[in-house]
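Number 76 in the working numbering belongs to position 73 of the sequence shown; there are no gaps in the numbering. Built from N, CA and C at the ideal position, the CB exists for glycine as well.
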Amino acid sequence: MLKEFDYSTLEVISAVKNINNLDDEKTVLITITFVNKEDSYKHLSGIEEMLHKLHLEENRKYIKLQCSYTQNLNNFLIINKTIKISFNDPKQKYCTKSFNEDQVSNELLMDIEFINDFFDSCDNELKKVYL
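So, in structure tokens, the structure goes:
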């Protein structure tokens, strides 16, 4: 489960939530992007920051925590639709999917709740919500 991982060596650099409304349901994609604290660029600005970000991207140093799921209008999870969760930290990879209600576990639901709570706890300057 995601909440058991160690996030203390990571720094959140962005948190994005995309919500697509369809008639009677909405799809949600949450992406939280991290870097290792030693790769932080908070102290940089201008061209130095841009070059450091380019270096991080070229060397695949960005770490992403993602989930996607579908909800009805009452914000209840639709478990008969695909649910995906992934975390690509090289030290602790994690990926799980479900395609129907038989594959949905309590751990999967707890992971979705964890990611939503993690997103909500991120600094407002780092969060973006797209509708």
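The alpha-carbon separation between aspartate 92 and leucine 32 amounts to approximately 19 Å. Counting every other CB atom within 10 Å of its CB across the protein chains shown gives leucine 57 a total below 16, marking it as exposed.
Judged by DSSP in its simplified three-state form, phenylalanine 122 adopts helix. In this structure, the beta-carbon distance from tyrosine 65 to threonine 36 falls below 8 Å. Below 8 Å, too few C-beta pairs join the stretch 99-118 and the stretch 8-26 to call them touching: fewer than three.
Around valine 15, the same chain offers Ile35, Phe37, Cys125, Leu129 as residues with beta carbons nearer than 7 Å, after the five sequence neighbours per side are excluded.
Residue state for leucine 80 is assigned as strand, using DSSP reduced to three classes. Between the alpha carbons of lysine 94 and serine 101 lies a gap of roughly 24 Å. Secondary structure in the stretch 58-117: no alpha helix (DSSP H) run of 4 residues or longer lies completely within the stretch. Cβ neighbours of glutamine 69 within its own chain (closer than 6 Å, five residues either side excluded): Thr34, Ser89.
At a Cβ-Cβ threshold of 8 Å, asparagine 103 and aspartate 27 do not count as neighbours.
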